[in-house]
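Contents: one structure, followed by commentary.
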Amino acid sequence: MEILDILISASFWAAAIRIATPLILATMGELICERAGVLNLGIEGIMVAGAFAGWMAVYSGTGLWVGVAVAMVVGMGFGLLHSVLTVPFGLSQHVVGLGVTLLATSSTYYAYRLALPQVTSPPKIAAFQPYEIPILSDIPLLGQALFSQTPFTYLAFALVAATSVMLYRTPLGLAVRAAGESPAAVAAQGLSVTAIRMGAVIVGSGFMAMGGAFLTMSAFDSFFFEMVNGRGWICIALVVFGSWMPGKALLGAVLFAAFDALQIRVQQTSFGADIPYQIFLMAPYILSIVALVLVSRRAQVPAALMVPFNKGER
Amino acid sequence: MRLEPIANPSLARSIAPPAIAIIATVVIASLLAMVAGANPFSVLGLILKGAFGSQFALLETLNRATPLIFTGLAIAVAFKAKFWNIGAEAQLYAGALMTVVLGTGALPWSSFALIPALAIGAVLAGAIVLLVPAMLKTRFGVDEVVTTLLFNFIFLLFISMLLEGPLKDPMGMGWPKSARLISEARLPRIFEGLRLHWGFALAILCACAVWVIQTRSTLGYEMRAVGLNRDAAAFAGIPVNTVLVKTALLSGGLAALAGFSEVAGLKGSLTLDLSPGFGYTGIIVAMLALLNPLGVIVSALFVAGIFVGADSMSRAAGVPTYLADMMLATALLLMVLAIMLTRFRVVRD
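Protein sequence lines, in the order shown, are assigned to chains A and B.
Numbers 30 to 343, taken from our numbering, label the letters of the first sequence in order.
Numbers 73 to 421, taken from our numbering, label the letters of the second sequence in order.
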């Protein structure tokens, strides 16, 4: 059976982890926002902006890690815009989020056209290269899948751990979670719900932009239009699928990516050749919807998600 | 800071914030044009001239506004009931698909019977496409934002599959496009010799019909009640889920008419680039119109004008057309803020 051969090959799992990385980063970003009570539909556009900003920085001569930082700062800028409008002003998170996506996407394309007016094919940069972690990368299957990735992927996994520790083991995490569950209680403790939520959206947006930057700086080495191609929306689904928990969301991202990697490979088998390729491309999206249906009945939605908090109002 | 509702907003309070938002949008657009090395006054002038400056330009703007009125109405209806339909793009393609399936010879009728049949078919197709996320929401509590967004991708791939398979035009020289509609299926022009088809008139008619439904019918009242406060509406005995499903059917049907009108009125066949994001732009149209169906007509003309004007400006001044999208995104964000500030004052504490 060809599919079984695919599933036990190390290169398949290495590809799955690679495909999962941008999803992991952006999903963590969205999760932090939503845990504090703010739905951030700016994610798709912020990923586009991050993809361009990081790549453009490196193309202009900075180091790779500086490029990652530039992407993050640009993402945080859009996060600041989103959070000012949705948190203190309490505007519709749906409308503002879609507006931020449109603004981030169009300003990225505008900047691209201005920066590179004459190019037909976008220039390449020297992207992150895989780094084999000594000893660990020698483990059969797992070594190649997990420990022979680029440093950017290792950073993504580290950020999941950091997010998890922050949310569940620190006073800050408690405050973030409380802001999303019961903001009045946070205010009663003398903490500023506005500051916590804005901070969560700004940091979360920085993570989203890093997810985008992975695409241009590690998965590929140049910037294309339509590059993000709905990945941000998938991340919104992954947060729900993961019940707003970092570990489960990470698992969801890897499963989704494995499925995506599988459909690419099945397309090339004799069995897949008879099926229109669009069916394979559709499958991950359909899978996301099915997964949402399965988990949504018992999903632990943050109680104050999408509920603006206005002090002095009950 | 916190927000305090204003009991009786003064006239200045009602007019100043939106006016400032419009001025700020123009100022920001000017700065962006300067970043691109162009003279802001000539860029803004070129946009206006390209949108409304000649009969040709005006007709182009009206044609571009037509699908935007339909998708804007679709969004306005849904958002009024706080049903977040972000999938107007998919419903548009569903309407276009039905138009092509029935209008390329399957129904050998006269125009008089065929065109209404195509419109009704399109409405049903769009309504069914949005019915799925609506049912997933009311039955399983699945958030419609995600499902309608993902449906856009699924449905476009589905159309792509059909255009390379059963719907592929044998005369299309290998391009993924459908066969052309038979002549009886084409929407005629409103005025002889002017490039404007009856789809525009249908869009205006739909806007009026939606206005009547929203302001003069029980369903409109229920939709508003559900949008204002779902729990209170349920407590008052309004069947919230039924209202949401009806809203979805209406919204999906309206978005599908955009696809019908583009195919039957303008393009004559279905291709994958039928809509340059009309479904998404409909959200801006609806929000700028404050979800008012008659306002949608005005804001669709404004938005279409910006796009058409930016196209011709870009050719003349060399500023990227994405300036139009940036202007609209800025206008959207500033306008929602401005509208809020007409009803609340910001208080320091």
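Quick reminder that beta carbons are idealized off the backbone N, C-alpha and C, glycines included.
For R74 of chain B, the beta-bridge partners assigned by DSSP are B:V419. In the DSSP secondary-structure assignment, S250 of chain B is bridged to B:K240. Annotation for M227 of chain A: the continuous alpha helix (DSSP H) segment containing it runs 222–243. Minimum Cα-Cα distance from T414 of chain B among the listed residues B:G309, B:L406, B:I262 corresponds to B:L406. Residues of the region 123–153 of chain A with a Cβ closer than 7 Å to any Cβ of chain B, in chain order: H123, V124, V125, L127, G128, L131, L132, S135, S136, Y138, Y139, R142, L143. In the three-state reduction of the DSSP assignment, T91 of chain A falls in the coil class, being assigned neither a helical nor a strand state.
In this structure the region 224–239 of chain A touches the region 72–80 of chain A; the number of beta carbon pairs closer than 8 Å is three or more. Per DSSP, H123 of chain A is one residue of the alpha helix (DSSP H) stretching across 122–144. Unbroken alpha helix (DSSP H) stretches of 4 residues or longer found wholly inside the region 124–162 of chain B: 127–152, given in chain order.
Under the Cβ criterion of 8 Å, M101 of chain A is not counted among the residues facing chain B.
Note that the C-beta distance between L68 of chain A and L334 of chain A is below 8 Å. Among the CB atoms of chain A, none fall inside 8 Å of the CB of A79 of chain B. In the structure shown, the three-state DSSP call for T343 of chain B is strand. DSSP places G337 of chain B in no alpha helix (DSSP H); its state is neither H nor E. Residue pairing for R261 of chain B: DSSP places it in a beta bridge opposite B:H269. Within the region 111–122 of chain A, L114, P117, F118, G119, L120, S121 place their CB atoms closer than 8 Å to a CB of chain B, listed in sequence order.
Cα atoms of P238 of chain B and T143 of chain B: separation of roughly 28 Å, rounded to the nearest angstrom.
Here S166 of chain A is actually not in contact with G276 of chain A; their C-beta atoms are around 24 Å apart, not less than 8 Å.
When Cβ pairs closer than 8 Å are counted between the two stretches, the region 144–157 of chain B is seen to touch the region 311–323 of chain B, the count reaching three or more. Around the beta carbon of A273 of chain B, fewer than 16 other beta carbons sit within 10 angstroms, so the residue counts as exposed. With respect to the 8 Å criterion, T220 of chain B and N157 of chain B are classified as neighbours on the basis of their beta carbons. Counted as a single uninterrupted DSSP element, the alpha helix (DSSP H) harbouring P313 of chain A occupies residues 306–325. Distance from the CA atom of A79 of chain B to the CA atom of A297 of chain B, rounded to whole angstroms, is 21 Å. Contact annotation: the region 289–302 of chain A touches the region 31–47 of chain A, with at least three C-beta pairs closer than 8 Å. With respect to the C-alpha of H269 of chain B, the residue from B:S82, B:L338, B:A206 having the closest C-alpha is B:L338.
Under a criterion of Cβ atoms nearer than 7 Å, the residues of chain A adjacent to F225 of chain B are, in order, G259, Y314. From the beta-carbon of I355 of chain B, the residues of chain A found nearer than 7 Å are L127. Straight across, the Cα-Cα distance linking Y138 of chain A with I310 of chain B is about 46 Å. Within the region 57–72 of chain A, L68, L70 place their CB atoms closer than 9 Å to a CB of chain B, listed in sequence order. If only complete runs of 4 or more residues are kept, the region 41–74 of chain A shows no alpha helix (DSSP H) anywhere. With a beta-carbon spacing of about 6 Å, R260 of chain A and L52 of chain A fall inside the 8 Å limit used to define contacts. Going by beta carbons, S102 of chain B and L116 of chain B fall inside the 8 Å limit. Per DSSP, reduced to three states, the secondary structure at E216 of chain B is helical. Pairing I285 of chain B with T343 of chain B, the inter-Cα distance amounts to about 33 Å. Between the alpha carbons of G79 of chain A and A86 of chain A lies a gap of roughly 11 Å.
Neighbourhood of Y394 of chain B in chain A, by CB distance below 8 Å: S135, S136, Y138, Y139, R142, in chain order.
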